[in-house]
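Asker:
Numbering (the UniProt record's numbering), first residue to last: 1 to 368.
#1: Spatial neighbours of residue 263 within its chain, please: C-beta separation below 6 Å, excluding the five flanking residues on both sides.
#2: What residue does the beta strand (DSSP E) around residue 226 start on, and which one ends it?
#3: Any idea if residue 163 is buried or exposed, counting beta-carbon neighbours within 10 angstroms, 16 or more meaning buried?
#4: Pairing CB atoms from the region 264–284 with CB atoms from the region 112–123, are three or more of them under 8 Å?
#5: From which residue to which residue does the alpha helix (DSSP H) around residue 239 run?
#6: Would a C-beta distance cut-off of 8 Å place residue 126 and residue 134 closer than the cut-off?
#7: Taking the runs of the beta strand (DSSP E) that are 3 residues or longer, which of them lie wholly in the region 31–100?
#8: With a 10 Å radius around its C-beta and 16 neighbouring C-beta atoms as the bar for buried, classify residue 266 as buried or exposed.
#9: So residue 259 is in the beta strand (DSSP E); what residue range does that whole segment cover?
#10: Spatial neighbours of residue 214 within its chain, please: CB distance less than 6 Å, with the 5 preceding and 5 following residues excluded, ordered by chain position.
#11: Identify every run of the beta strand (DSSP E) within the region 114–158, keeping only runs that are complete inside it and at least 3 residues long; order them along the chain.
#12: Does residue 281 come out as helix, strand or coil in the three-state DSSP assignment?
#13: Below 8 Å, how does it come out for the region 242–249 and the region 17–31: are there three or more Cβ pairs, yes or no?
#14: Would you say residue 253 and residue 231 are within 8 Å of each other, going by their C-beta atoms?
#15: Thinking residue 100 and residue 138 are a contact (beta carbons under 8 Å), I'd like their distance in whole angstroms, please.
#16: The alpha helix (DSSP H) with residue 18 in it runs from where to where?
#17: Suppose the cutoff is 6 Å on Cβ atoms and the five residues either side in sequence are ignored; what does the same chain contact list for residue 366 look like?
#18: Can you tell me the Cβ-Cβ gap for residue 178 and residue 154, rounded? I've got them flagged as a contact below 8 Å.
#19: Check whether the region 318–325 touches the region 294–310, counting contact only when three or more Cβ pairs, one atom from each stretch, lie closer than 8 Å.
#20: Compute the Euclidean distance between the alpha carbons of residue 259 and residue 190, then round it to the nearest angstrom.
#21: Indicate the three-state DSSP secondary structure (helix, strand or coil) for residue 294 in the structure shown.
#22: Could you check if residue 63 is buried or exposed, using at least 16 other CB atoms within 10 Å of its CB as the buried criterion?
#23: With distances taken between CB atoms, is the gap from residue 357 to residue 349 smaller than 8 Å?
#24: Does DSSP put residue 268 in a helix, a strand or coil?
#25: Do you know offhand how far residue 32's Cα is from residue 218's?
#26: According to DSSP, is residue 206 helix, strand or coil?
#27: Measure how close the beta-carbons of residue 224 and residue 272 come, nearest whole angstrom, since I'm counting them as under 8 Å.
#28: Under DSSP, the alpha helix (DSSP H) around residue 197 begins and ends at which residues?
#29: Going by the beta-carbon positions, is the gap between residue 9 and residue 16 smaller than 8 Å?
See the structure below:
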C-alpha cells in the first residue's frame, strides 16, 4: 500500500535522507567522532559481558535512592508487574512517554483491556494512538503521517479549525489538549535511554519535555528498561549522549536529558528491569553486538529499502536493519521474511554510532 502512493514514497525517502544528511553534518563537526564510536562500542561490549554485575549494582543504588526495583523475565511478567502496581493504587488514568519496550511487550492493549486509560504523551505517539496505528520508526514514530492528516485528525478529536494544517497551530492545540491529561493523570511512566549502574539513575532523552511533565504531577511513577540499556557510570553516559542525538536527528544534544533518581516526596518510584529474550541474544556470539543498539534510528534513515517501503512493510514491530536483526534474534521462524528487506549496501553498519555490524549480521542470518 505504501509503494502504491508514489508521492508518499518519494516524500518519505526524501525526508529521511534529509535527516541522514543532518547526521552526517553533525558527525563531521566532531573531530573525535570515530574515537567516540569505538569507545561506545567498547563500553557496550563491556556492559553486555558484565550485565549481572552492573544490574545488581544498579539495583543496589536505585534501592538506596528509594526506588522499588522489579525484575521481569518476559513481556507477560512485565505487563503484569505494571498492572499490579497501578491496580494496587487504584489508578484509572495513566500517562506515559515514548517507550519501545512498551510496544515490544504490548503494554498499552494489556492495560486498556483491564480498564486503565493509557495516554501517550509523545506527540508523534499521541497522533498514532488517536489514529489507531503503530509507530513506523523508533525515533520519528509518525514520520509517514502528513500534516494535512494531522489537521483532519485534530479537527475531529480536539475541535481545531477546519482546514488549518499549520504545524505551529497544530502543535499548540496538542499541547493544550495534553496539558489537561497531564494534570489529571494518576500515575506516569517513562522508558529509559540509559540506566546508570553507579548512581541508580534512569536517564531519559526527549525533545518535547513530555517525560518531565508526566513525572512532575503524579505521586506514582514507573520506569522500565530492557537490561541492555545499562551503562557503568556517568563518564560512560557522556560518550553515549554525545552520539545519540547527532545520530538520531542531527542535533548536538536532545532538548531535555533528564535524570530520575528517587521518588517524589510522599510518592513511589518503581523501576522494572526486563529481559524478554535479551539473555538469549547474549548466547549468540555472531549477534551479541545487536545489544549495543541505543535506538537512534540512524540505520533506518540511511536504509534504501526502509526509506522506500516504510515501516509497515516489516513484520517485526521495529523496522529497518536493526529490526531485522532483533526479530531474527527473538524468533527466526516467525521473522525470517524480513531478511529480504536488505540490499547489503552496508550503509547501516557505516552510520551506527555504536558500531553494530548490522548488514554483516543480516548476511549471516541469510546463511543460516
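Don't be surprised by glycine CBs; every beta carbon is placed ideally from N, CA and C.
Answerer: If we stick to the structure as given:
#1: Translated into the one-based positions of the chain shown, residue 263 becomes position 263. Counting only Cβ-Cβ distances below 6 Å, and skipping sequence neighbours, we find 66 and 269.
#2: In the chain shown, counting from the first residue as 1, residue 226 sits at position 226. Taken as a continuous stretch (DSSP letters only), the beta strand (DSSP E) holding residue 226 covers 220–226.
#3: For the purposes of this step, residue 163 is taken as the residue at position 163 of the chain shown. Exposed, since its Cβ has fewer than 16 Cβ neighbours within 10 Å.
#4: Taking 8 Å as the limit for Cβ pairs, the verdict is that the region 112–123 does not touch the region 264–284.
#5: As a working note, residue 239 is residue 239 in the chain shown. In the DSSP annotation of this structure, the continuous segment of the alpha helix (DSSP H) that includes residue 239 starts and ends at 234–248.
#6: Residue 126 sits at position 126 when you count from the first residue of the chain shown. Residue 134 sits at position 134 when you count from the first residue of the chain shown. No, these two residues do not count as a Cβ contact at 8 Å.
#7: Every unbroken stretch of the beta strand (DSSP E) spanning 3 or more residues and falling wholly within the region 31–100 is given here in chain order: 68–72 and 93–96.
#8: The residue you call residue 266 lines up with position 266 of the chain shown. Result: exposed.
#9: For the purposes of this step, residue 259 is taken as residue 259 along the chain shown, with counting starting at 1. Unbroken beta strand (DSSP E) run through residue 259: 256–260.
#10: For this step, residue 214 is matched to residue 214 along the chain shown. Within the same chain, residue 214 has close Cβ partners 95, 97, 121 and 188.
#11: Whole beta strand (DSSP E) segments, 3+ residues: 117–120.
#12: Working through the chain shown from its first residue, we reach residue 281 at position 281. Residue 281 falls in the helix class under three-state DSSP.
#13: The region 242–249, when compared against the region 17–31, does touch it at the 8 Å Cβ threshold.
#14: Working through the chain shown from its first residue, we reach residue 253 at position 253. Working through the chain shown from its first residue, we reach residue 231 at position 231. Result no, Cβ atoms of residue 253 and residue 231 do not sit closer than 8 Å.
#15: Reading the chain shown from its first residue, position 100 is the one you call residue 100. Reading the chain shown from its first residue, position 138 is the one you call residue 138. Correct: roughly 6 Å between the Cβ atoms.
#16: Residue numbering aside, residue 18 sits at position 18 when the chain shown is read from its first letter. Where residue 18 is concerned, the enclosing alpha helix (DSSP H) stretches over 6–28.
#17: Here residue 366 refers to the residue found at position 366 of the chain shown. Answer for residue 366: 339, listed in chain order.
#18: Walking along the chain shown from the start, residue 178 turns up at place 178. Walking along the chain shown from the start, residue 154 turns up at place 154. Their Cβ separation, rounded to whole angstroms, is 12 Å, which puts residue 178 and residue 154 out of contact at 8 Å.
#19: In short, these stretches touch, since the Cβ pair count reaches three.
#20: For the purposes of this step, residue 259 is taken as the residue at position 259 of the chain shown. For the purposes of this step, residue 190 is taken as the residue at position 190 of the chain shown. Near 11 Å, if we compare the C-alpha coordinates of residue 190 and residue 259.
#21: Looking up residue 294 in the chain shown gives position 294. In this structure, residue 294 counts as coil in the three-state DSSP scheme.
#22: Here the question's residue 63 lines up with position 63 in the chain shown. Result: exposed.
#23: Indexing the chain shown from 1 puts residue 357 at position 357. Indexing the chain shown from 1 puts residue 349 at position 349. One thing to note: residue 357 has its Cβ within 8 Å of the Cβ of residue 349.
#24: The sequence position of residue 268 within the chain shown is 268, counting from 1. Three-state result, residue 268: strand.
#25: If you number the chain shown from 1, residue 32 lands on position 32. If you number the chain shown from 1, residue 218 lands on position 218. Distance between residue 32 and residue 218, taken at the CA atoms: about 42 Å.
#26: The count along the chain shown starts at 1 and reaches residue 206 at position 206. Strand.
#27: Stepping through the chain shown from its first residue, residue 224 is reached at position 224. Stepping through the chain shown from its first residue, residue 272 is reached at position 272. Confirmed, about 4 Å.
#28: By 1-based counting over the chain shown, the position of residue 197 is 197. Element bounds for residue 197: n/a, residue is neither H nor E.
#29: As a position in the chain shown, residue 9 is number 9, starting the count at 1. As a position in the chain shown, residue 16 is number 16, starting the count at 1. Taking 8 Å as the Cβ cut-off, residue 9 and residue 16 do not qualify as a contacting pair.
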